[in-house]
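In the numbering used here, the protein residues as written are 24 to 206.
No residue lacks a Cβ here, since even glycine has one placed at the ideal position from N, Cα and C.
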């Protein structure tokens, strides 16, 4: 599945309740690892070919709504692969990431989990999220949006790997001074 493929462009089926539960449990584990700042463990949830992408968003008219979110060749806050994500995690662990020293405190709420099974056997999962970041004594940022993940089943725990992540913020203007956390 490419980053611009939509569910209507691939045949898909609903998932059974047991699979839905496994997917939800996996996503809650991921949120917990991030909130607990276990970034090395979090990296293990990704496939080697991960594409972690946060395109920019602009306000458009109704007629131009399909241009609201930047495409693969457009501007992005994140457009990372596994090597880049690994570098970000190492920098955070080094204490030399000035934007995260002292580290932010985060809390993630994951809601409206909508999984579908693709013809390939992978799962496309749309998730709404709310991330609160508290930094220093008085700095707070809130991020709302939707993620679309491509999950692949693996035989060992935690049961899935993330192969693609597309993050779309609900806002067009970034009110936070930076996005130095993972969404």
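Quiz prompt | Residue range of the alpha helix (DSSP H) that includes residue 50 | solution = Taken as a continuous stretch (DSSP letters only), the alpha helix (DSSP H) holding residue 50 covers 40-58.
Quiz prompt | Nearest candidate by alpha-carbon position, reference residue 189, set 205, 87 and 48 | solution = Among 205, 87 and 48, the Cα nearest to that of residue 189 is on 205.
Self-check item: Meets three-Cβ-pair contact criterion under 8 Å: the segment 52-65 and the segment 126-137
Solution: Put simply, the segment 52-65 touches the segment 126-137. At least three CB pairs are less than 8 Å apart.
Practice problem: Pull up the distance between the alpha-carbon of residue 163 and that of residue 102, whole angstroms please. | Solution: Approximately 25 Å, taken between the alpha carbons.
Quiz item: Is residue 108 helix, strand or coil by DSSP?
Solution: DSSP places residue 108 in the helix class (H, G or I) of the three-state scheme.
Quiz prompt | Start and end residues, beta strand (DSSP E) containing residue 63 | solution = Secondary structure note for residue 63: it is in no beta strand (DSSP E), and the uninterrupted alpha helix (DSSP H) holding it is 62-66.
Quiz prompt | Buried versus exposed call for residue 178 [16 or more other C-beta atoms within 10 Å across all chains shown] | solution = Under a 10 Å Cβ-count criterion, residue 178 is classified as exposed, with fewer than 16 other Cβ atoms of the shown protein chains found around its own Cβ.
Quiz prompt | 8 Å Cβ cutoff met for residue 69 and residue 108 | solution = Less than 8 Å divides the Cβ of residue 69 from the Cβ of residue 108.
Quiz item: If you drop the 5 nearest sequence neighbours on each side, which residues of the same chain put their C-beta closer than 6 Å to that of residue 181?
Solution: Closer than 6 Å at the Cβ level, and outside the excluded window around residue 181, lie 49 and 52.
Quiz item: So is residue 87 in contact with chain D if we call contact Cβ pairs under 8 Å?
Solution: Here chain D cannot be found, since the structure has a single protein chain.
Quiz item: Which term fits residue 176, buried or exposed, when burial requires 16 or more other beta carbons within 10 angstroms of its beta carbon?
Solution: Of the residues assessed, residue 176 falls on the exposed side of the cut-off, its CB having fewer than 16 other CB atoms within 10 angstroms.
Quiz item: To which residues of the same chain is residue 137 closer than 8 Å at the C-beta, ignoring the five residues directly before and after it?
Solution: Take residue 137, set aside five residues on each side of it, and the residues of its chain with a beta-carbon closer than 8 Å to its own are 148, 149 and 150, in chain order.
Self-check item: Contained beta strand (DSSP E) runs [length at least 3] in the segment 89-174, N- to C-terminal order
Solution: Runs of the beta strand (DSSP E) lying entirely within the segment 89-174 and spanning at least 3 residues, in chain order: 99-103, 128-141 and 146-158.
Quiz item: residue 90: buried (16+ other C-beta within 10 angstroms of its C-beta) or exposed?
Solution: Counting Cβ neighbours within 10 Å, residue 90 comes out exposed, since fewer than 16 surround it.
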